[in-house]
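Enquirer:
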Amino acid sequence: MAEFLTTHGLTLQHWLVLTSALFSIGLYGMLTRRNAVGVLMSLELCLNAAAVNFVLFNRYLAPTNLGGAERLDGAVMTIFVIAVAAAEVVVGMAIFVAMYAERRTVDVTRLDALKD
Amino acid sequence: MQPLSFILTHAWLIPVIPLVSFLLVGLVLRPISERLAGAFATLAVGTSALLSWTLAYDYVHLAEHGKSLPSLLPWSAMWLHFQDGFGISIGTLLDPISVMLLVVVTTVSTLVHLYSTGYMHGEPGYARYFAFLNLFTFSMLGLVLAPNLVQMYVCWELVGASSFFLIGFYFEKPSAVSASKKAFIVTRFADLGFFLGILVIGFYANQIFAAMPASATQGLQPLDFAFLTRPDVLAALSGLDVHFLGVGVLTLSAVLIYTGGAGKSAMFPLHIWLPDAMEGPTPVSALIHAATMVVAGVYLVARCFPIFATSGDALTVVMCIGAFTSLFAAVIGCTQDDIKRVLAFSTLSQLGYMMFALGVASFAHPLGYSASMFHLFTHAFFKALLFLGAGSVIHAVHSNDIWHMGGLRKHMPVTHALFLIATLAIAGIYPLAGFFSKDEILAAALHSGHTVVFGVGLLVAGMTAFYMFRIYFVTFWGEPKSEHAHHAHESPWIMLGPMAFLGVLSIGAGFIPIPEWVQLPGAPVEHEGIDLAVAIPSTILAIAGIGLAWLLYGGSRDRVDSLVAKLGGVYTLIKQKFYFDELYLFVTHSIIFRFVAAPIAWFDRHVVDGAVNLSGWFTRTTGLLLGKLQTGQVQTYGSWLVSGAIAAVVVLWGVLKSGGN
Amino acid sequence: MLMLPELIVVATGFILLVLDLFLTEKQRDLLVPLALAGVAAAAGALVLTPDTGVLLGGRFAMDPLGWWFKLAFLVAAFLTIALTSGLLESAAPEVRKLHSPGEFLTILMFNLCGMLLLPSTRDLITLYVALELATIPLFLLAAWRRDALGGEAGLKYMVIGALASALMLYGFGVLYGLTGTMRLDAMPALLHADRTTLFAAALVVAGVGFKLTLVPFHMWAPEVYQGAPPPVTAWLSVASKAAGLSVLMLVLFRVFRPFLHDAGFAIALLATLTMTVGNLVAVVQRNILRFMAFSAISQAGYLLLGFLGGGSGGAAAMVFYLLVYVVTNLSVFALLILHNQQTGSTQITDYRGLSQLNPLLSLAMMLGLFGLAGIPPLSGFVGKFLLFSVTAQAGYHWLVGVAAVNSTVSLYYYLRIVRQMYIEAPAEGAVPLKPGALLTAALVVTTAASMLLGVVPTVYEAVRVSAAAWLQALGQ
Amino acid sequence: MGLASWLILLPFLTTLGVLFTPASRPTLIRWVSLVGTGAHLLLTAFTTWKFWEVASPDIALAKTSTLTKLYFVERIPWFKSLGVDYLVGIDGITMSMVILTSIIIFTGVLASWNVVNRTKEFFALLLLLVTGVFGVFLSFDMFLFFMFYEVAVLPMYLLIGVWGTGPKEYSAMKLTLMLMFGSAFILVGMLALYHYAGGTTFDLTQLAQFHYPVEMQRWVFPLIFIGFGVLGALYPFHTWSPDGHASAPTAVSMLHAGVLMKLGGYGALRIGVYLLPEGAQYWGLFFMALTTINILYGAFGAIKQTDLKFFTAYSSVSHCGFVLFGVASLNLMGFKGAVLQMFSHGVMTGLFFALIGMVYGRTHTRIIPDMGGLAKVMPWLAVCFYIAGMASLGLPGFAGFVAESHVFMGGFFGNAWSDPLATRVLTVIATLSIVVTAVYVLRGLAKVFQGPITDPHFLELTDATLTERLSTGILVVTLAVVGLVPGLLIDLIESALLPFVNRLHATGALAVAGHP
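Chains A, B, C and D are the protein sequences, given in the same order. For the first sequence, my numbering gives the first residue as 2, with consecutive numbering after it. For the second sequence, my numbering gives the first residue as 122, with consecutive numbering after it. For the third sequence, my numbering gives the first residue as 40, with consecutive numbering after it. For the fourth sequence, my numbering gives the first residue as 14, with consecutive numbering after it.
This is the structure we're talking about:
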């Protein structure tokens with residue numbers, strides 16, 4: 002796999018551009034989607050972009066200077082991120098459902114009962 | 122030298138007795154019995170008077186042959202310690218002028234106390250009145266005995282305060298209240314000058330004091346008269362090359378000190394309070410505003426005379442203002458209708474006399490100094506008598522206006538006789554007291570070469586005779602002009618007695634050899650007998666004045682009225698006292714209050730306080746505006762968060778690139 | 040042994056969860072004492088725990104300052120549960136009751152566990168997991184009352200929280216990329232003050248700033264504080280803030296220590312912004328929960344001052360102030376919760392005349408507010424004083440001025456409440472509040488602690504010793 | 014425990030005593046307060062006597078020393094790692110201020126005898142406040158000092174807010190915030206002082222041995238001076254004073270104007286000048302000019318006031334200006350004058366406010382034009398009012414004159430670091446106030462007490478009661494005693510102030526050039 006990537010001229014930088022783009026798209030979505038579910042989905046994008054980063058760095062950088070169990074830290078982190086993201090989504094959805102029951106909408110721009 | 126007698130070493134008893142009496146009367150006796158309070162107060166001052174006569178007697182006998190009387194400081198104690206080598210002591214300075222004034226003050230005060238027991242009988246606040254009289258007497262005596270400028274100033278303020286309370290004795294009467302305020306504030310303003318004078322001279326005297334060897338200043342403090350009037354100190358002071366607005370230190374401080382004196386002695390243009398001060402009970406006017414307190418200014422200048430004389434310029438100021446005041450007041454005195462005001466203007470005029478007498482004196486020609494003190498002495502008696510006489514008349518007629526009186530010589534013969542004596546005395550008719558002292562002043566002016574002043578003095582002498590006889594004729598001659606005047610009764614003996622005593626003094630005081638005793642220390646003796654070159658013209662002028670008064674006021678009022686009509690505006694101008702009261706009123710109310718005080722009050726409430734409120738408003742408004750950012754839109758908050766992160770990046774880049782490595 | 044407190048807390052959480060299934064409505068009243076006992080046991084265990092030591096191959100470690108943080112979390116949890124007891128019990132008024140007490144307490148326990156883990160984490164993985172554990176349950180707690188406001192609060196909290204955690208995670212990723220290691224302690228040696236590092240630092244700070252309510256990452260706070268049930272708000276305002284501080288200290292002292300001194304100006308700026316905005320907006324609030332939110336924001340600004348200079352004095356000052364803040368803020372919340380529970384109101388004006396109805400409660404609340412304002416001899420004063428002192432020592436005299444002026448402004452709004460309680464007359468028909476036993480006890484404890492911490496120097500001196508030891512250990 | 018601690022503890026114990034007295038028994042509460050403060054008065058007298066015994070042999074020592082010697086020192090380490098100690102002690106300045114405070118609180122309790130609304134809280138707060146005041150005067154550790162300082166300021170908010178009149182909430186808030194604003198400045202200065210000296214001690218006596226860099230002194234001194242100046246009604250930070258005093262209840266005005274405002278001058282002297290002599294040298298002239306404005310501005314401001322309390326408040330602005338003026342004149346006479354003025358103004362203004370309260374309690378108005386001729390129905394109050402007025406216009410025989418003469422002498426004598434002509438001109442301008450003061454005092458009093466009675470209801474009013482006579486009497490006697498025998502107080506404070514001057518001179522003359 003690694004050989005495949007390097008031979009096709011894909012360096013870490015390319016991957017980083019990808020994750021940055023992913024992250025940015027996620028951010029944009031979080032800040033602009035009116036539908037709460039859409040916001041959650043954008044969040045997933047962000048988290049996943051970050052998670053991919055960890056894998057990448059683990060792949061490209063970490064093994065060179067570390068030994069033992071820590072060699073896998075980046076990958077482990079990714080798994081945790083995925084797990085946490087799932088938990089986050091669960092909690093989020095639970096709240097949305099409760100919200101929807103109360104307000105009959107999941108449009109985040111209409112949630113402004115609390116303000117100055 | 123023989124040991125000093127008891128009273129000389131315990132001279133402090135003389136002021137302290139009235140003080141104790143003041144406290145007792147004010148705190149203890151007043152609620153118990155008003156009569157008792159009055160009697161006690163009178164007794165206390167009487168005791169002081171007896172003591173001061175004894176003291177004067179002992180003191181005069183201290184004189185050794187061919188020498189002038191010594192200056193003694195038998196008792197003193199540190200009072201206010203400013204810093205090392207600069208403190209203020211209190212003590213009793215005995216020298217000719219203080220002893221003389223001691224006698225005058227206690228004597229007149231006793232007589233006034235006595236007189237008042239009759240005059241004030243039945244008035245509400247009777248005991249309060251006596252308490253303040255006691256307080257005044259104490260303060261005045263303290264002033265007289267002061268061995269340094271600060272004690273003088275302290276007592277100076279206290280006499281001012283007691284004068285304030287006595288002028289405002291009828292505190293329900295608005296005119297009395299405003300007169301008392303006016304008196305206090307005007308003199309206070311003058312005292313500011315006095316105080317500044319003390320500051321200025323104190324600063325430099327302290328420098329000189331500190332530079333002297335300790336042996337040279339043994340037992341002295343920089344502000345002691347004994348130090349300040351020493352020739353070497355004066356030489357050092359006048360030698361200082363320090364000028365303010367082109368005026369040397371010595372002259373500056375002398376003029377400033379003189380300002381205080383001018384205020385108390387109501388010299389032009391600070392004279393405006395004295396006529397109004399006549400709102401107080403008449404005995405008070407007699408004691409405070411004729412015989413004693415108002416001469417404090419003269420006394421101050423006399424006390425500091427070496428300073429003035431060394432300065433020279435300051436003395437010229439004293440002379441000019443004194444001469445002008447004497448003329449100015451005499452002119453106004455000719456037109457007033459209120460008997461007490463006429464007397465007040467006459468007091469002003471006589472004070473001017475005393476002042477310019479001092480002004481013409483010098484170390485070369487010290488006669489003016491003695492003459493001034495002599496006149497102070499005699500004037501106290503006849504002026505007090507005039508006031509008490511006026512009081513007696515007012516008591517009978519219930520009015521101050523001379524045109525409500527008339528014909529009183531029949532109803533009040535004793536008062537009439539005594540008033541006449543005093544009037545003659547002030548007019549300067551031989552052999553009454555006023556003649557001698559006035560003569561000596563004029564002689565001093567003439568002999569020291571101040572001919573203009575001499576001329577003014579002569580003129581004023583004539584005018585004095587005129588206006589004094591004007592009120593005399595209007596009051597005691599002619600027909601009674603009011604209902605009260607018809608039914609006037611002679612006053613009781615408790616009032617007449619003191620007047621009679623003063624009458625005797627008005628006649629005889631001229632024969633007391635004050636000028637012999639009161640000599641300017643360190644100057645040649647220049648006393649001479651009656652100088653006919655002066656006596657004759659002055660007597661002629663006086664008689665002329667009396668004659669003119671008789672002419673105008675001896676008979677009907679028509680002549681006066683036609684004369685007034687002819688004078689027209691000039692007369693009104695004079696009668697309105699040259700509108701000085703209005704001028705002051707304008708300056709204080711329309712300028713200071715309106716253009717200083719009111720704007721400051723406004724500025725404070727609106728600008729300074731406004732700034733404080735503005736900062737509060739600003740805080741709230743900023744808070745409100747920042748609060749508006751809480752739109753309730755979660756995505757906006759998210760944007761803030763992201764922008765915050767970006768901003769943090771930028772800031773960190775900036776800070777660590779520039780500030781770090 | 041090192042992890043005993045955390046384990047006890049987790050165990051308590053599970054026990055509560057399981058018990059909840061078997062208990063009747065009435066019997067559930069036992070859950071609160073049980074939870075309290077669990078927290079107390081954890082605290083007891085903490086006391087016995089040594090303040091240094093390593094577990095899990097260096098991914099979990101005790102350090103002297105972490106010990107204090109854990110104490111703060113446990114104290115906060117204990118007090119919060121005590122304050123909440125009135126709303127959790129079956130007899131509570133239906134409208135404002137917090138339903139499902141077992142679940143509520145369980146989630147609280149898990150949340151607490153996450154916080155307890157935070158100061159001990161030594162690599163990015165544990166840090167991330169602990170942080171999320173310390174955050175996600177809060178979303179649920181905030182939305183506990185499934186009413187419109189609660190739901191909105193929970194949702195907003197969740198969205199912003201997720202955003203912040205995404206940013207932070209991205210930052211973590213960059214850090215990992217830069218150093219190739221997850222171990223926090225290994226990072227300083229591998230980092231240079233280049234743009235990428237600073238970029239990562241900024242992202243991490245933004246993520247933590249969300250938890251610590253630093254301006255401009257604070258905007259969720261007023262909304263959530265207002266919408267959440269008051270006990271949750273209380274918990275949020277103290278525990279979540281403490282968690283934020285512990286992470287920030289971890290990050291700034293362990294990871295970015297080489298730059299800490301030079302970044303002083305940035306910290307100063309952030310502190311200025313945070314306290315000023317918090318204070319200014321607090322001035323105009325009418326709802327007491329929102330008001331407390333802004334007050335808490337400004338307090339975070341003061342806390343930040345301790346980072347200036349990067350010395351152990353600063354660390355000690357922050358931790359001490361945190362302890363002070365926990366007890367003081369909870370003493371204020373005690374009355375706030377009680378008031379809300381019995382009147383349903385959250386308006387500041389509804390506190391009017393309280394001093395005439397409940398003199399002692401009002402006194403306690405006033406002391407709490409003065410403590411927050413930093414008025415001596417309350418400990419809030421000493422705490423602030425220490426922070427200001429650190430600031431001055433770092434040479435930021437102007438910032439001391441800013442902070443002190445801000446204190447003045449804050450006094451204004453704290454006094455507004457005092458004014459309502461003491462100067463205004465009570466409303467017609469207002470009845471005195473009746474505090475429960477647990478709440479009273481908690482109030483007494485917090486008030487006493489908030490006074491004593493400032494007068495008895497023992498705690499501060501102990502923190503100071505810990506901080507010195509901690510920083511020394513870091514330096515090696 | 015020593016005398017100094019007891020002086021702080023006694024009012025605090027009295028506070029507790031009041032707190033533990035049931036609110037339903039207001040009379041008992043009053044008596045507890047009265048007995049507590051009375052006992053404090055006795056304790057103060059005893060301490061003064063003791064102090065005099067131990068301190069008087071050391072006067073010669075003070076002439077050369079640059080450190081003020083403390084007596085009855087108690088030091089208990091507190092926050093050890095910070096160098097914070099519980100450090101209390103007494104020197105001459107402290108002693109005189111303690112005497113003042115003790116008198117004022119005792120008379121203040123008497124003057125509040127008729128507070129009926131929430132009596133317990135009132136007295137508890139009043140006594141708490143005064144505990145803080147004693148703490149400030151007696152503590153010589155800056156931390157402790159600052160702590161007590163705020164304890165002294167804050168109860169004012171409730172005292173005015175609850176028991177005040179008029180726009181009380183506004184006034185109370187403004188007062189509290191402005192004073193706290195001032196203390197923000199102080200805090201900055203204090204922490205700078207602490208850290209520049211190494212950050213190991215807050216002990217004033219030890220900090221005094223440290224020589225601060227001149228540059229640092231130059232920026233810290235104005236902070237300290239202005240910070241304390243706010244409490245000392247320094248122009249333009251004085252506007253809390255009129256509103257605050259006007260709204261405050263009698264005893265609070267008394268304490269506030271009488272004692273609390275003194276903390277300003279005290280702090281400026283004790284911390285500003287003492288620790289930062291070179292800063293003082295640099296800024297002396299500037300602050301002299303500012304306080305000259307203070308003096309005249311307050312006096313002119315008072316002329317136009319119609320409310321008796323505003324009137325007195327502006328007069329306080331003017332008189333407190335003297336205190337700061339004396340401090341800024343940087344010589345022994347100025348310093349002594351400042352302390353004397355603190356004392357005399359404290360007593361005098363305490364008397365003023367007590368009397369205003371009494372008059373207001375009868376006429377139910379404080380508006381000067383509405384009153385008139387009251388001397389007829391309340392001679393005692395009138396006499397006391399006039400005495401207070403005369404004292405405030407600096408009539409010799411009362412304490413005010415002693416103080417003012419020192420201040421003016423001090424200003425005129427100037428110092429080596431300010432342009433002599435400038436200090437003299439400023440002094441001369443400042444002396445104008447003695448005339449302006451006479452104007453407003455006499456105008457105000459004349460309207461209230463003299464002239465015809467303006468309202469027939471006034472004829473039914475009564476003169477002072479026994480407690481009122483007692484409280485005013487004590488204050489009047491104090492004014493007179495200090496005025497007549499100033500040595501009593503001067504000797505007490507001089508040895509404490511000499512080191513202040515010595516310190517200024519020990520720094521060596523700085524170049525006069527480059528003044529602000």
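Ideal Cβ placement from N, Cα and C applies to all residues, glycine included.
Buried or exposed: Phe127 of chain B, going by 16 or more other Cβ atoms within 10 Å of its Cβ?
Expert: exposed
Enquirer: Would you mind sorting Asp397 of chain B into buried or exposed? The rule is 16 or more other CB atoms within 10 Å of its CB.
Expert: buried
Enquirer: Identify, in the order they occur along the chain, each residue of the same chain with its Cβ nearer than 7 Å to the Cβ of Gly370 of chain D, setting aside the five sequence neighbours on each side.
Expert: Ala124 and Thr263
Enquirer: With a threshold of 16 other CB atoms inside 10 Å of the CB of Pro471 of chain C, please say whether the residue is buried or exposed.
Expert: With fewer than 16 other Cβ atoms within 10 Å, it is exposed.
Enquirer: I want to know whether the stretch 179 to 191 of chain C touches the stretch 105 to 114 of chain C - three or more CB-CB distances under 8 Å.
Expert: With a cut-off of 8 Å, the stretch 105 to 114 of chain C and the stretch 179 to 191 of chain C do not count as touching, because too few Cβ pairs lie within range.
Enquirer: In terms of residue numbering, what span does the beta strand (DSSP E) encompassing Gly212 of chain D cover?
Expert: Neither: Gly212 of chain D is in no beta strand (DSSP E) and is coded neither H nor E.
Enquirer: Measuring only between beta-carbons, confirm whether Gly314 of chain D sits less than 8 Å from chain B.
Expert: yes
Enquirer: Whose CA, out of B:Phe556, B:Val225, B:Met440 and B:Val439, lies closest to the CA of Leu408 of chain B?
Expert: B:Val225
Enquirer: Does any residue of chain B have a CB that is nearer than 8 Å to the CB of Gln230 of chain D?
Expert: no
Enquirer: Suppose you measure from the CA of Asn127 of chain D to the CA of Val490 of chain D; what does that come to, to the nearest Å?
Expert: 23 Å
Enquirer: What residues from the stretch 83 to 102 of chain D come within 9 Å of chain C, judged by C-beta to C-beta, listed N to C?
Expert: Pro90, Trp91, Phe92, Lys93, Ser94, Leu95 and Val97
Enquirer: Going by DSSP, what residue range makes up the beta strand (DSSP E) through Tyr327 of chain D?
Expert: Unbroken run through Tyr327 of chain D is the alpha helix (DSSP H), Leu321 to Ala341; no beta strand (DSSP E).
Enquirer: His364 of chain B by DSSP, collapsed to three states: which one?
Expert: strand
Enquirer: Just the chain E side, please: which residues come within less than 8 Å of Met258 of chain C by C-beta, in chain order?
Expert: Although the question refers to chain E, the structure presented lacks it and instead comprises the protein chains A, B, C and D.
Enquirer: Please report the Cβ distance between Val254 of chain C and Ile199 of chain C, rounded to the nearest whole angstrom; I am assuming they are in contact, meaning their Cβ atoms lie under 8 Å.
Expert: About 14 Å separates the two Cβ atoms, so there is no contact after all.
Enquirer: What residue range does the alpha helix (DSSP H) around Asp179 of chain B cover?
Expert: Glu155 to Val181
Enquirer: Enumerate in chain order the residues of its own chain whose CB-to-CB distance from Val263 of chain C is below 6 Å, with the five nearest sequence positions on each side excluded.
Expert: Ala181, Ala192 and Tyr196
Enquirer: In this structure, what does DSSP give as the bridge partners for Trp196 of chain B?
Expert: B:Thr213
Enquirer: Between the stretch 249 to 257 of chain B and the stretch 139 to 151 of chain B, can you find at least three pairs of beta-carbon atoms closer than 8 Å?
Expert: yes
Enquirer: Can you tell me whether DSSP reads Ala302 of chain C as helix, strand or coil?
Expert: coil
Enquirer: Lys133 of chain D: which of D:Ala185, D:Arg38 and D:Phe159 sits nearest, CA to CA?
Expert: Of the candidates D:Ala185, D:Arg38 and D:Phe159, the one whose C-alpha sits nearest the C-alpha of Lys133 of chain D is D:Arg38.
Enquirer: Please confirm whether any heavy atom of the ligand GDP lies closer than 7 Å to the CB of Thr77 of chain D.
Expert: This structure lacks the ligand GDP, and indeed carries no ligand of any kind.
Enquirer: For chain B, find out if any of its Cβ atoms is closer than 8 Å to the Cβ of Glu64 of chain C; answer yes or no.
Expert: No, Glu64 of chain C lies away from the interface with chain B (no Cβ there is under 8 Å from its Cβ).
Enquirer: What in chain A is Cβ-close to Lys195 of chain C, meaning under 9 Å?
Expert: Val109, Leu112 and Leu115
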